[in-house]
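For the protein sequence lines, the chains are A and Y, in the order given. Just so we're aligned, residue 13 is where the first sequence starts under our numbering, counting upward by one. Just so we're aligned, residue 13 is where the second sequence starts under our numbering, counting upward by one. We put the CB at the ideal spot given by N, CA and C, even for glycine. Comments concern the structure below.
2 protein chains.
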Amino acid sequence: MIRRRIGVLGGGQLGQMLGQAGVSLAAEFIFLDPAETPSARHVGRHLRAGFADAAGAATLAAACDVVTYEFEHLDLPTVQAIATTTEVHPSPRALKIVQDRIRQKEFLAAAGIAIAPFAAITSAADLTAAVATLGTPCLLKTARDGYDGKGQRLIRDPLHAAAAWAELQQQRCVLETFVTFSRELSLVSTRGRDGAVVFHPLAVNHHRDGILRLSRAPAPDVTAALQTQAETMARRLLNELAYVGTFTIEFFHVGDALIVNELAPRVHNSGHWTIEGAVTSQFENHVRALMGLPLGDPAATGHAAMVNIVGTFPDRHRLLALPGVHLHDYGKTERPGRKLGHVTIVDPTASGLEQRLAAVLALIE
Amino acid sequence: MIRRRIGVLGGGQLGQMLGQAGVSLAAEFIFLDPAETPSARHVGRHLRAGFADAAGAATLAAACDVVTYEFEHLDLPTVQAIATTTEVHPSPRALKIVQDRIRQKEFLAAAGIAIAPFAAITSAADLTAAVATLGTPCLLKTARDGYDGKGQRLIRDPLHAAAAWAELQQQRCVLETFVTFSRELSLVSTRGRDGAVVFHPLAVNHHRDGILRLSRAPAPDVTAALQTQAETMARRLLNELAYVGTFTIEFFHVGDALIVNELAPRVHNSGHWTIEGAVTSQFENHVRALMGLPLGDPAATGHAAMVNIVGTFPDRHRLLALPGVHLHDYGKTERPGRKLGHVTIVDPTASGLEQRLAAVLALIE
């Protein structure tokens, strides 16, 4: 059976790009989103409802063969309710684990995956004890709803720990050792219904103000051993979760090793380069997995870079006049810190890529 | 000014692929189409109306910044009426010329473009005289509404000319000398609002039963001189028409020369390979031209082949399990001779392409 009618919780840019990919496979989308004009509305039906709206969720479930989501900060009982009538992928179990940093860290630790030392913080006493154990500097992160660097505080001195937690409204948190890493790498994988897993090459990510600005893929200077290290971890986690769909792991690269920073149960900004830079994109493979179709070749076709457009949009004429620019405009109004679009460039050579990238960065930055 | 709201007369697979490309540029589409479930309905609004419905056309014109079309067999007065209030590209003048084979041939001849000897047939006397002048074999084609080999008769003997014309309901026709060619090549170009023109590499096309089955691009054994010959003709025609948008020329390759077979004022089946096989696709460049944006690089990124899926759909699991297959499913029900979808494969080497293509053809043919 091919599941054509796909419901998506969230209708932002990830939904937009899922929809674009899915149209080629004759998938039909309904995007549940409370926004009036979500980006994805042009590639499917828009069901306007809140993410915790039981009636909206029931409508979506009834109209679809399978339901997925484009972000993890969802109301779990609503997703679990959908799953009582309609397949949900990734599963509510995967969502429950990944959407909560405490559960996520405990899951990773139990699976024997390398992570930074951490402690769950649910009281002032937890915090005092954990800062003493882990030492400073350390990072305090809310267990829920963090993204783009939001919901985090760096603690340099134990004296400031209580104030940092107060700034985060004393929510449930994890405290983790501040890892000194050489770079951040991410691995986007997809697992099919049949258990087959495909891996894109590692990408290297550059952030500013907590927001991803630039990814290069395949990341330079990645040995076969390093790629294998990443894939081995991903395969273990995906199998452990009986996962279906696309999955992203952000790693810290420390020496020759990878430490998992965090997981995302979805297509990911650091995998946007795959639309033009890989044989099969993360979006198409997620849709293939949902539909129960074989996964496509995740290999890179050249050297790719992806640059986010954040806050303000550069002049579109000047941008599109640059050679080889692939623009993805999310159709959003400008707002500081908001991801408005991205540009991908692919070149057969690393030096050619850098030349083209410099021109793009000069315009976007 | 960037024209975002794009109206399209026709909502078939070409509209579907235009929409997919346009979403990335934040274009918004309305597809006017009388069908209940046209392929393009998933990538924009569907305005259900007949192509000669004045009210429907007025609604489309009022809602859009620019109107285009995905096929040329349109009611010209309706298109001209739209153009009184809203920009139409390609222009009604271009449409008028191209949609009628007599006008098209006369236009080509007047522009000094190489074509097969032809005659306009509007009476039995015309036909008798023309068959005598051109000799046999010759081809009789209706002036209007021909596609996929429909509306054509091969005349091998002057005695059969009248019967052939009767089979075509004695419509206005052109009679043309039957050209013995080594292959059919096509050139897809786009002209921007600023007059800039870009050309994809020539593709070589293979038909069966009058329907395109396979295109390879860049076509093998195309010298720089041959590509230039094609581009020179295209540029002359595009400039002469003050054309805006994508334009296709089908050529017969005869010896070292190209003879124009026919024109299409639109994106074309023989250019579908550009979605995955060129830096910028024909669809994106048509949208860029409509929006008034700079055109993108039309160069090929490797060796590409496009195979049409006609009549019946192969098993999707087996098809997508083949490495490097890019499927475009138009979401149509099966019907003999109907184009249901296509597959594109791109490979860095010509031999790699042939290997992959053989596996695809084994499944589709």
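- Identification of chain Y residues near A:I376 by a Cβ-Cβ cut-off of 7 Å yields none; the smallest Cβ-Cβ distance measures about 16 Å.
- Distance from Y:G161 to A:H54 at the Cβ level is roughly 35 Å; contact not present, criterion being Cβ atoms closer than 8 Å.
- Contact note: Y:P230 does not reach chain A at a C-beta cutoff of 7 Å; the least C-beta distance is about 16 Å.
- Against chain A, a Cβ distance below 9 Å from Y:R300 picks out L332.
- In the DSSP assignment, A:M303 falls within the unbroken alpha helix (DSSP H) covering Q294 to M303.
- With distances taken between CA atoms, A:V279 lies nearest to A:L26 out of A:R15, A:M13, A:L21 and A:L26.
- Taking a Cβ-Cβ cut-off of 8 Å, the neighbours of Y:L339 in chain A comprise S36 and L37, given in sequence order.
- Excluding the 5 residues flanking it on each side, A:S282 has same chain C-beta neighbours closer than 6 Å at S198, A215, N217 and S227, in chain order.
- Rounded to whole angstroms, the separation of the alpha carbons of A:V79 and A:A64 is 15 Å.
- For the pair Y:A61 and Y:L88, the CB atoms are not nearer than the 9 Å cut-off.
- By alpha-carbon distance to Y:G349, the top candidate from Y:L365, Y:G323 and Y:D327 is Y:G323.
- Counting only runs of 3 or more residues that sit fully inside the region 60–109 of chain Y, the beta strand (DSSP E) segments are 78–81, in chain order.
- Straight through space, the alpha carbons of Y:L21 and Y:T90 are spaced by roughly 10 Å.
- Here DSSP, grouped into helix, strand and coil, assigns Y:S201 to strand.
- Note that the region 185–201 of chain A touches the region 127–138 of chain A; at least 3 beta-carbon pairs, one per stretch, sit closer than 8 Å.
- Contact annotation for A:E40 against chain Y: H54 and G343 [CB-CB distance below 9 Å, chain order].
- Chain A has no Cβ within less than 9 Å of the Cβ of Y:D45.
- Residue ranges of uninterrupted beta strand (DSSP E) with 3 or more members, entirely inside the region 181–267 of chain A and ordered along the chain, are 185–189, 195–203, 209–211, 215–220, 223–229 and 257–266.
- The C-beta of A:N297 has 16 or more other C-beta atoms within 10 Å across all chains shown, which makes the residue buried.
- For A:A141, the CB contacts under 8 Å within the same chain, skipping 5 residues up- and downstream, are A131 in chain order.
- DSSP places Y:A316 within a strand segment (E or B) once states are collapsed to three.
- Secondary structure at Y:D327: coil, using DSSP grouped into helix, strand and coil.
- Taking C-alpha positions only, A:V319 is separated from A:V355 by approximately 5 Å.
- DSSP, read as helix, strand or coil, puts A:T356 in strand.
- Under the Cβ criterion of 9 Å, Y:G31 is counted among the residues facing chain A.
- Close to Y:D327, with beta-carbon spacing below 7 Å, lies no residue of chain A; the smallest spacing is near 11 Å.
- Here A:Y255 is not near Y:A38, since their CB atoms are 9 Å or more apart.
- The C-beta separation of Y:V200 from Y:T286 comes to about 7 Å, placing the pair in contact by the 8 Å criterion.
- Contact between the region 242–250 of chain Y and the region 328–336 of chain Y is not established, with fewer than three Cβ pairs separated by less than 8 Å.
- By the 16-neighbour rule on beta-carbons within 10 angstroms, Y:L253 is buried.
- For A:P277, the number of other beta carbons within 10 angstroms of its own is at least 16, and it is reported as buried.
- Its chain contains E196, S198, N273 and E274 as the residues whose beta carbon lies nearer than 7 Å to that of A:E262, once the 5 sequence neighbours on both sides are disregarded; these appear in chain order.
- In this structure, DSSP gives A:V337 a state outside helix and strand, which the three-state scheme calls coil.
- In chain order, R328, H329 and L332 make up the part of chain A whose C-beta sits under 8 Å from the C-beta of Y:L305.
- Take the alpha-carbon of A:E179 and the one of A:T260: they are about 29 Å apart.
- Among the residues facing chain A, Y:G62 is not included, as its CB has no counterpart in that chain under 9 Å away.
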